[in-house]
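S.K.:
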Amino acid sequence: MLKILVTGATGNVGQEVLRLLQSHDCNVCAAVRNPNSAQHLLGSNIQTIPFDFTNPDTFDYAFFQVNKLFLVRPPALANIRKQIAPALNAAKLAGVEHIVFLSILGAERNPFVPHSQIERYINQLGIKATFLRCSFFMQNLNTTHREDIKVRGELLLPAGNGKTSFIDVRDIAAVAVRTLLEDEHQGRAYSLTGAEALTYYEVANIFTSILGKPIRYNPSLLKFIRQMRLSGLPIDFILVMLVIYTTARLGLAGNITSDTEQLLNRSPLTIRQYVEDYRQFWL
Ligand SMILES: NC(=O)c1ccc[n+]([C@@H]2O[C@H](COP(=O)([O-])OP(=O)(O)OC[C@H]3O[C@@H](n4cnc5c(N)ncnc54)[C@H](OP(=O)(O)O)[C@@H]3O)[C@@H](O)[C@H]2O)c1
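Here the sequence shown is numbered in my numbering, starting from 4 and rising by one per residue.
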């Protein structure tokens, strides 16, 4: 039976990939740093395996007899040569046949982003791969920005009046599962966006109408930095967010592709649907 190892298994996309794979005829394992807490989070039906990108002692057991790997780069690991490549070398040695990698929109045009380096490294190793180059996740709004929206009624981020082609991680996971299970996606790269590009003013209006309380978009750069520092986020994470929101402010995050729709045979989920489904996060 096909054996699939899912990294980032406790994260936004990995959890959803695991959930969807449950209904398919394959052996699925969640590669996790802390099996006890992960088991609690993921439920007893999911098989967990200890795995840490930064601990080579975990590699042999985790990759044993694995055919396919869903690869998520943990956001904190930016040194690809030291922190990601050793695990990929081990995957190659163990005979992993196909990697589906959660990449970022535009990785092919920006050789400096970590995702671009990972794509090149996988190609160098000669492992068959599918790159899922994703737009900005809707779920950032119920994680990183949750408290601002819930407590202060504010969507605080410096994206100006730029549009973003938000994608729901549930759609990314559905595409990931399809590309893991069907061999025809090997050697392909997909640019995954939602079907609409919205400004944060428009997003705030959608929140206001669905939550039934006013949510205001505040594009102040200084207030954003101060608030992020107050919430204890590390400075390099804040810098990454600044780059992402500057990209949106410059009008470079609104590109819409048809890849998600073609791969799912349906329209991508809308931000309105997302806010309705996740509304308890902000109430
Ligand atoms: N957010 C966006 O809008 C966006 C858009 C495009 C691409 N991306 C990319 O998507 C990726 C993040 O995906 P996500 O949001 O699904 O993940 P996430 O929710 O940030 O979760 C990160 C995962 O990585 C695991 N992890 C952390 N350090 C690890 C280590 N040393 N070894 C093994 N696992 C480790 C965490 O496990 P623990 O439970 O052990 O902490 C967790 O499961 C990033 O590469 C990001 O750049 C994000």
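No residue lacks a Cβ here, since even glycine has one placed at the ideal position from N, Cα and C. Treat the numbers as computed from the prediction; the structure is a model and nothing was measured.
Ligand 1 and N258: does the residue's C-beta get closer than 6 Å to at least one heavy atom of that ligand?
M.R.: no
S.K.: Between which two residues does the beta strand (DSSP E) holding Q50 run?
M.R.: 50-53
S.K.: At what residues does the alpha helix (DSSP H) containing N30 begin and finish?
M.R.: It is not in any alpha helix (DSSP H) - N30 instead sits in the beta strand (DSSP E) that spans 30-35.
S.K.: So Q50 packs on V31, CB below 8 Å; how close in whole Å?
M.R.: The beta-carbon distance between Q50 and V31, rounded to whole angstroms, is 7 Å. This is short enough to meet the 8 Å contact definition.
S.K.: Between S223 and A200, is the Cβ-Cβ spacing less than 7 Å?
M.R.: no
S.K.: Quick check for students: name the residue ranges of the beta strand (DSSP E) that lie wholly in the region 184-270, counting only runs of 3 or more.
M.R.: Secondary structure remark: continuous beta strand (DSSP E) runs of at least 3 residues inside the region 184-270, in chain order: 191-195, 219-221.
S.K.: Have a look at the DSSP bridge pairing and note the partners of I170.
M.R.: F140
S.K.: Classify S270: buried if its beta carbon has 16 or more other beta carbons within 10 angstroms, exposed otherwise.
M.R.: exposed
S.K.: Report yes or no: do the region 145-158 and the region 105-112 share at least 3 C-beta pairs separated by less than 8 Å?
M.R.: A contact is defined here as three or more CB-CB pairs under 8 Å, and the region 145-158 fails this definition with respect to the region 105-112.
S.K.: CB-CB under 6 Å to L272, same chain, minus the five flanking residues each way: which ones, in chain order?
M.R.: D171, D174
S.K.: Following the continuous beta strand (DSSP E) through H101, name the residue where it begins and the one where it ends.
M.R.: 101-107
S.K.: So does L105 have its beta carbon nearer than 6 Å to some heavy atom of ligand 1?
M.R.: yes
S.K.: Under three-state DSSP, which class holds T273?
M.R.: coil
S.K.: Suppose you measure from the CA of A81 to the CA of P117; what does that come to, to the nearest Å?
M.R.: 6 Å
S.K.: Taking the beta carbon of M244 as the centre, do at least 16 other beta carbons fall within 10 Å, making it buried, or is it exposed?
M.R.: buried
S.K.: Do the CB positions of A162 and A251 come within less than 7 Å of each other?
M.R.: yes
S.K.: I'd like the list of long-range same chain contacts for V20, defined as Cβ closer than 7 Å, with 5 residues on each side in sequence excluded.
M.R.: V9, F73, A176, A179, V180
S.K.: Could you tell me the distance, in whole angstroms, from the CA atom of Q127 to the CA atom of A192?
M.R.: C-alpha separation (whole angstroms): 16 Å.
S.K.: For T304, which of Q265, Q120, I130, Y220 has the nearest alpha-carbon?
M.R.: Residue 304 is absent from the structure shown; the chain starts at 4 and stops at 286.
S.K.: On the criterion of 16 or more Cβ atoms from any shown chain inside 10 Å, does S3 qualify as buried, or is it exposed?
M.R.: This structure leaves residue 3 out entirely; the chain is present only between 4 and 286.
S.K.: Which whole-angstrom value describes the C-beta separation of N164 and T202, a residue pair presumed to lie in contact below a C-beta threshold of 8 Å?
M.R.: 5 Å
S.K.: Do you know how far the Cα of L160 is from the Cα of R232?
M.R.: Taking the straight line joining both Cα atoms gives about 13 Å.
S.K.: To the nearest angstrom, report how far apart S119 and I259 are at their CA atoms.
M.R.: Straight-line Cα distance between these residues: approximately 20 Å.
S.K.: Check this for me: beta carbons of F56 and A90, under 7 Å apart or not?
M.R.: Yes.
S.K.: At a threshold of 6 Å, does G197 count as lining ligand 1 (C-beta to nearest heavy atom)?
M.R.: no
S.K.: Please state the DSSP three-state secondary structure of V9.
M.R.: strand
S.K.: Please confirm whether any heavy atom of ligand 1 lies closer than 6 Å to the CB of D63.
M.R.: Taken from the Cβ of D63, every heavy atom of ligand 1 lies 6 Å or farther away.
S.K.: Would you mind reading off the limits of the beta strand (DSSP E) that contains P111?
M.R.: Note that residue 111 is Glu in the sequence shown, not Pro. No beta strand (DSSP E) holds E111; DSSP gives it neither H nor E.
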